[in-house]
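S.K.: Structure in structure tokens, see below.
Protein chains in written order, with this note's numbering: chain W, 1 to 380; chain Z, 381 to 502.
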């Protein structure tokens with residue numbers, strides 16, 4: 001257990017609430033975070049799929065980007081770092097974007113939203129200092145500024161999330177608040193930056209809130225009987241069922257957006273023939289790989305039987321025993337009640353590949369499978 | 381019932397011993413989704429891995445409290461591994477064995493000593 005070193009770990013504004021609610025705490029990206037609460041990962045996971053889970057995502061990095069004069073100057077700088085279309089991002093909209101390196105590898109994945117005349121970025125906890133320095137460096141020669149937005153982040157996820165939120169906001173008609181939109185609204189009397197998105201595959205919201213208001217807002221949301229706290233364990237199993245990538249595991253500096261099947265995160269305007277084609281790190285490599293010209297691809301994987309197949313497991317051809325891939329995430333799926341995984345396999349195994357892996361000396365058949373394992377239910 | 385410092389238990393059942401993991405162990409592991417048991421006839425050694433238990437997040441070893449031969453396994457765990465969470469020291473038993481060195485039992489912890497051990501961990 002990590003409790004002996006918990007003194008050196010950072011705490012989010014919800015730390016006391018986690019302990020009070022029986023959080024089983026663990027070290028994650030330098031923070032003392034709840035892996036799960038009293039009910040355990042499976043119940044928290046299923047409750048999120050059936051009703052609504054409340055997650056503390058305050059360890060993630062939040063930043064504000066502003067332009068020099070107009071936002072277009074800042075958009076131009078961001079587009080030098082990412083193959084996304086920031087110029088056409090209209091106020092109130094959010095996009096998924098990837099920071100790439102000169103080899104086309106993925107330095108981090110993030111959400112970018114435009115709020116009036118500024119951008120807000122939400123990046124992974126373990127990469128936030130790296131990302132901030134990369135952005136700061138890019139803005140050194142002008143175009144705008146980047147600064148930390150030191151706030152808490154709550155994620156309310158699940159089919160009941162819309163009804164729950166409607167109960168604590170002034171404008172109770174949230175129907176026209178669609179997936180991947182963002183609004184600055186008052187939630188239970190607290191100013192929030194709310195996006196309709198998340199990391200579970202369900203409808204839901206991420207609420208950026210001042211640190212001082214975060215615990216009270218979380219407690220208010222928990223007053224609704226449809227809402228239950230859920231920890232990092234459920235967050236991970238939910239995103240795996242939804243086929244969503246975890247940076248550092250499923251996408252890394254050594255995987256490109258095309259290998260990862262994230263072509264949709266390479267905007268049309270930035271592709272060959274687009275209005276602002278290329279101009280980001282690794283553009284030539286990524287352009288040459290589009291639409292799917294890579295030796296390997298990220299796929300879903302279904303291991304036979306009940307034994308979970310974990311990250312790092314090697315995948316071998318069922319007939320030749322040649323090494324053809326590797327598992328990057330693997331766990332038990334509470335929804336499907338069976339092991340699921342994702343990983344990279346040689347292209348010829350991506351569609352209907354029959355492979356196997358060896359776990360503790362035993363052969364387990366593994367089939368390539370379509371992602372997501374559990375259908376997305378976003379509010380589109 | 382006797383306990384190991386690694387959170388397994390052994391209980392006499394006639395002239396055999398039944399083996400499982402403690403309530404503390406199942407709490408630490410969280411939701412158990414898979415149990416890999418030894419086969420009947422396998423030789424197990426005190427302190428050496430005899431079974432594997434997997435939770436949603438991770439895999440853990442189960443070490444045999446005693447040396448001997450496996451005579452029966454709890455096959456029901458294959459379809460209902462969560463029984464280990466629900467009833468770790470009853471229906472969630474792992475295997476039954478014939479001890480070839482029953483004197484090893486004396487080196488295991490009694491319930492008071494085991495309780496002190498987990499109190500110190502919490």
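Think of the CB as a built atom: it goes at the ideal place given N, C-alpha and C, for glycine as much as any other residue. This structure is a prediction, so every number in the text was calculated from the model and none was measured.
Would you mind working out which of W:249, W:306, W:264 and W:371 sits nearest residue 327 of chain W, comparing C-alpha positions?
M.R.: Start at 1 with the first residue of the first chain, and residue 327 of chain W comes out as number 327. When each option's Cα is compared against that of residue 327 of chain W, the closest is W:249.
S.K.: Residues of the region 423-448 of chain Z in Cβ contact with chain W at a cutoff of 9 Å, in chain order, please.
M.R.: Answer set for the region 423-448 of chain Z: 432, 434, 435, 436, 437, 438 and 439.
S.K.: Is it the case that the CB of residue 350 of chain W approaches a heavy atom of the ligand NAP more closely than 6 Å?
M.R.: What this structure holds is no ligand at all, so the ligand NAP is not there to describe.
S.K.: At the level of alpha carbons, what is the spacing between residue 426 of chain Z and residue 384 of chain Z?
M.R.: One-based indexing of the second chain puts residue 426 of chain Z at position 46. One-based indexing of the second chain puts residue 384 of chain Z at position 4. About 10 Å.
S.K.: For residue 136 of chain W, does the count of other Cβ atoms within 10 angstroms reach 16, so buried, or fall short, so exposed?
M.R.: Looking up residue 136 of chain W in the first chain gives position 136. The residue is exposed, with fewer than 16 neighbouring Cβ atoms inside 10 Å.
S.K.: Following the continuous beta strand (DSSP E) through residue 62 of chain W, name the residue where it begins and the one where it ends.
M.R.: Working through the first chain from its first residue, we reach residue 62 of chain W at position 62. Counting along the chain, the beta strand (DSSP E) containing residue 62 of chain W begins and ends at 61-67.
S.K.: At 8 Å on the CB atoms, spell out the chain Z contacts of residue 307 of chain W, in chain order.
M.R.: Walking along the first chain from the start, residue 307 of chain W turns up at place 307. Residues of chain Z passing the Cβ test: 414, 416 and 434.
S.K.: Measure from the C-beta of residue 467 of chain Z to each C-beta in chain W and report whether the shortest distance is under 7 Å.
M.R.: Taking the first residue of the second chain as position 1, residue 467 of chain Z is located at position 87. For residue 467 of chain Z, the answer is no, since every Cβ of chain W falls outside 7 Å of its Cβ.
S.K.: Could you run through the region 319-352 of chain W and flag, in chain order, every residue whose CB is less than 7 Å away from some CB of chain Z?
M.R.: Listed by position, the residues of the region 319-352 of chain W near chain Z (Cβ gap below 7 Å) are 331 and 332.
S.K.: Please report how far the alpha carbon of residue 148 of chain W lies from the alpha carbon of residue 285 of chain W, in whole angstroms.
M.R.: On the first chain, position 148 is the one that residue 148 of chain W refers to. On the first chain, position 285 is the one that residue 285 of chain W refers to. Spanning the two alpha carbons is a distance of roughly 31 Å.
S.K.: Identify the continuous beta strand (DSSP E) that holds residue 338 of chain W and give its terminal residues.
M.R.: By one-based count along the first chain, residue 338 of chain W stands at place 338. Residues 338-346.
S.K.: Between residue 280 of chain W and residue 12 of chain W, which are expected to be in contact by the criterion C-beta below 8 Å, what is the C-beta distance as a whole number of angstroms?
M.R.: Taking the first residue of the first chain as 1, we reach residue 280 of chain W at position 280. Taking the first residue of the first chain as 1, we reach residue 12 of chain W at position 12. Residue 280 of chain W to residue 12 of chain W, Cβ: 32 Å. No contact.
S.K.: What residue does the beta strand (DSSP E) around residue 435 of chain Z start on, and which one ends it?
M.R.: If you number the second chain from 1, residue 435 of chain Z lands on position 55. It spans 429-435 - the beta strand (DSSP E) in which residue 435 of chain Z sits, taken as one unbroken run.
S.K.: Taking the Cβ atom as the reference point for each residue, do residue 398 of chain Z and residue 476 of chain Z lie within a distance shorter than 7 Å?
M.R.: Here the question's residue 398 of chain Z lines up with position 18 in the second chain. Here the question's residue 476 of chain Z lines up with position 96 in the second chain. Going by C-beta atoms, residue 398 of chain Z is nearer than 7 Å to residue 476 of chain Z.
S.K.: By the criterion of Cβ-Cβ separation under 9 Å, what are the contact partners of residue 360 of chain W in chain Z?
M.R.: The residue given as residue 360 of chain W occupies position 360 in the first chain. Those are 416, 432 and 439, listed as they occur along chain Z.
S.K.: Per DSSP, which residues does residue 94 of chain W bridge with? Please list them.
M.R.: Position 94 of the first chain, counting from 1, holds the residue named residue 94 of chain W. The partner list for residue 94 of chain W (beta bridge, DSSP) reads W:113.
S.K.: Determine, using beta-carbon pairs with one atom in the region 71-87 of chain W and one in the region 47-63 of chain W, whether at least three such pairs fall under 8 Å.
M.R.: In short, these stretches do not touch, since the Cβ pair count stays below three.
S.K.: Exposed or buried, residue 141 of chain W, counting other C-beta atoms within 10 Å across all chains shown (16 or more means buried)?
M.R.: Here residue 141 of chain W refers to the residue found at position 141 of the first chain. With fewer than 16 Cβ atoms within 10 Å of its Cβ, residue 141 of chain W is classed as exposed.
S.K.: In three-state DSSP terms, what is residue 304 of chain W?
M.R.: Locating residue 304 of chain W in the first chain gives position 304, where the first residue counts as 1. Reduced to three states, the DSSP call for residue 304 of chain W is coil.
S.K.: Strictly below 8 Å CB to CB, what residues from chain Z border residue 237 of chain W?
M.R.: The residue you call residue 237 of chain W lines up with position 237 of the first chain. Here the neighbours are 436.
S.K.: Give the single residue among W:245, W:322 and W:124 whose Cα lies nearest to the Cα of residue 112 of chain W.
M.R.: Working through the first chain from its first residue, we reach residue 112 of chain W at position 112. Measuring from the Cα of residue 112 of chain W, the nearest candidate turns out to be W:124.
S.K.: For residue 179 of chain W versus residue 379 of chain W, is the C-beta spacing smaller than 7 Å?
M.R.: Against the first chain, residue 179 of chain W aligns to sequence position 179. Against the first chain, residue 379 of chain W aligns to sequence position 379. Cβ distance < 7 Å, so residue 179 of chain W and residue 379 of chain W count as in contact.
S.K.: How big is the Cα-Cα spacing for residue 461 of chain Z and residue 36 of chain W?
M.R.: Residue mapping note: residue 461 of chain Z aligns to position 81 of the second chain, counting from 1. Residue mapping note: residue 36 of chain W aligns to position 36 of the first chain, counting from 1. Cα to Cα, the separation comes out at about 19 Å.
S.K.: Residues in the same chain with beta-carbon distance under 7 Å from residue 211 of chain W, minus the five sequence neighbours each way, listed in chain order, please.
M.R.: In the first chain, counting from the first residue as 1, residue 211 of chain W sits at position 211. Hits under 7 Å: 13, 150, 151 and 152.
S.K.: Can you confirm whether residue 364 of chain W, when its beta carbon is compared against all beta carbons of chain Z, has any partner nearer than 7 Å?
M.R.: To locate residue 364 of chain W, count along the first chain from 1; it is residue 364. Answer no: the Cβ-Cβ gap between residue 364 of chain W and chain Z never drops below 7 Å.
S.K.: Identify each residue in the region 391-412 of chain Z for which the Cβ-Cβ distance to at least one residue of chain W is less than 7 Å, and report them in chain order.
M.R.: Those residues of the region 391-412 of chain Z that come within reach of chain W (Cβ to Cβ, closer than 7 Å) are 410 and 411.
S.K.: So the candidates are W:51, W:95 and W:104; which of them puts its Cα closest to the Cα of residue 110 of chain W?
M.R.: Here residue 110 of chain W corresponds to residue number 110 of the first chain, with the count starting at 1. Ranking the options by Cα distance to residue 110 of chain W, first place goes to W:95.
S.K.: Starting from the C-beta of residue 428 of chain Z, find all residues in its chain whose C-beta is less than 7 Å away, skip the five residues before and the five after it, and write them out in chain order.
M.R.: In the second chain, residue 428 of chain Z corresponds to position 48, counting from 1. So the qualifying residues of the chain are 443 and 444.
S.K.: Tell whether a beta-carbon distance below 7 Å holds between residue 231 of chain W and residue 410 of chain Z.
M.R.: Reading the first chain from its first residue, position 231 is the one you call residue 231 of chain W. Reading the second chain from its first residue, position 30 is the one you call residue 410 of chain Z. In this structure, residue 410 of chain Z does not lie closer than 7 Å to residue 231 of chain W by Cβ.
S.K.: Just list the residues that DSSP pairs residue 56 of chain W with in beta bridges.
M.R.: Within the first chain, the letter at position 56 stands for residue 56 of chain W. Bridge partners of residue 56 of chain W: W:154.
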